[in-house]
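To start, the structure under review is shown below, and the notes come after it.
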Amino acid sequence: MDERALIREAVAARRMSYAPYSSFMVGAALFCGNGAVYRGCNIENAAYGPSNCAERTAFFKAVSEGERDFAAIAVAGWPKDGKPGFAWPCGVCRQVMAEFCDPASFRIIVGTDEDNYTVRTLAELLPEGFGPASLGI
Ligand code: THU
Numbered sequence: 304m305d306e307r308a309l310i311r312e313a314v315a316a317r318r319m320s321y322a323p324y325s326s327f328m329v330g331a332a333l334f335c336g337n338g339a340v341y342r343g344c345n346i347e348n349a350a351y352g353p354s355n356c357a358e359r360t361a362f363f364k365a366v367s368e369g370e371r372d373f374a375a376i377a378v379a380g381w382p383k384d385g386k387p388g389f390a391w392p393c394g395v396c397r398q399v400m401a402e403f404c405d406p407a408s409f410r411i412i413v414g415t416d417e418d419n420y421t422v423r424t425l426a427e428l429l430p431e432g433f434g435p436a437s438l439g440i
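If you count by the numbering used here, then the sequence shown holds residues 304 to 440, one letter each, in order.
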């Protein structure tokens, strides 16, 4: 799946966002090596701490279905009634990506629509990270 199509998936996933506290709606679309796409949205909680980002929702859905091979993720996030903008993955989500993805090749696509996005590798967003390779795994 190309980057434009993956951003469209993330924008569609954003519609499912449950964000009554921040009103910041985020969608993600995770593209697997086998061609499958897993969508995710942010899911907030009245206790705040248990809230989950869209990216981690997508990863946990995929991993729980047996996926282990990931090529790219698209992220689309901006305020509910606000102007579309770029939402870069938080540090916790970058660390979760580092558990399952090759930092040099995994692509992170952040944008608002298929004509407005930026692509980075995980290595660019999480330089000198600590991952499975640090433990010899
Ligand atoms: N959020 C995401 O889902 N992904 C990001 O990349 C940035 C932040 C969510 C968490 C929270 O529900 C809301 O956006 C505001 O921080």
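Ideal placement from N, C-alpha and C gives every residue a C-beta, glycine not left out.
Notebook entry, point to check: Do Glu306 and Ile412 come within 8 Å of each other at the CB atom, strictly closer than that value?
Noted result: The residue you call residue 412 lines up with position 109 of the sequence shown. The residue you call residue 306 lines up with position 3 of the sequence shown. Taking 8 Å as the Cβ cut-off, Ile412 and Glu306 qualify as a contacting pair.
Handout entry: Endpoints, the alpha helix (DSSP H) within which Met400 is located
Key = Locating residue 400 in the sequence shown gives position 97, counting from the first residue. Where Met400 is concerned, the enclosing alpha helix (DSSP H) stretches over Gly394 to Phe403.
Quiz prompt | Nearest-angstrom Cα separation, counted from Arg342 out to Ala365 | solution = Sequence index remark: in the sequence shown, residue 365 carries index 62 (1-based). Sequence index remark: in the sequence shown, residue 342 carries index 39 (1-based). One C-alpha to the other measures close to 9 Å.
| said: Within 10 Å of its beta-carbon, does Thr421 have 16 or more other beta-carbons around it, so buried, or fewer, so exposed? | reply: Position 118 of the sequence shown, counting from 1, holds the residue named residue 421. Its Cβ having fewer than 16 others within 10 Å, Thr421 is exposed.
Hey, how far is the Cα of Phe373 from the Cα of Ala361?
Within the sequence shown, the letter at position 70 stands for residue 373. Within the sequence shown, the letter at position 58 stands for residue 361. The alpha-carbon atoms of Phe373 and Ala361 are separated by roughly 11 Å.
Residue of Ser437, Arg318 and Met400 minimising C-alpha distance to Leu428 | Counting from 1 along the sequence shown, the entry for residue 428 is found at position 125. For Leu428, the nearest C-alpha among the options comes from Met400.
- Hey, would you say the C-beta of Val329 is under 7 Å away from at least one heavy atom of the ligand THU? Sequence index remark: in the sequence shown, residue 329 carries index 26 (1-based). Val329 Cβ: within cutoff of the ligand THU.
For Arg318, which three-state DSSP category applies? Residue numbering aside, residue 318 sits at position 15 when the sequence shown is read from its first letter. Arg318: coil per DSSP, three-state reduction.
- Message: With a threshold of 7 Å (Cβ to nearest heavy atom), would Cys404 be considered close to the ligand THU?
- Response: The residue labelled residue 404 in the question sits at position 101 within the sequence shown. Flag unset: Cβ of Cys404 not near the ligand THU.
*asked:* To the nearest angstrom, how far is the alpha carbon of Cys393 from that of Gly380?
replied: For this step, residue 393 is matched to residue 90 along the sequence shown. For this step, residue 380 is matched to residue 77 along the sequence shown. When rounded, the separation of the alpha-carbon atoms in Cys393 and Gly380 is 12 Å.
Check your understanding: Under a three-way DSSP split, which group does Ile440 fall into?
Key -> Along the sequence shown, read from residue 1 onward, the residue named residue 440 stands at position 137. Three-state DSSP puts Ile440 in coil, outside helix and strand.
Cβ of Val378 within 7 Å of any heavy atom in the ligand THU?
Your numbering for residue 378 matches position 75 in the sequence shown. Yes, the ligand THU has a heavy atom inside 7 Å of this Cβ.
Contacts around Val357, its chain only, beta-carbon distance under 6 Å, and the 5 residues preceding and following it disregarded:
Looking up residue 357 in the sequence shown gives position 54. Checking the sequence, you will find Ala at residue 357 rather than Val. The residues are Val329, Gly330, Ala331, Gly343, Cys344 and Asn345.
| query | So does Ala322 have its beta carbon nearer than 7 Å to some heavy atom of the ligand THU? | reply | Numbered from 1 along the sequence shown, position 19 holds the residue referred to as residue 322. Under cutoff, so the answer is yes.
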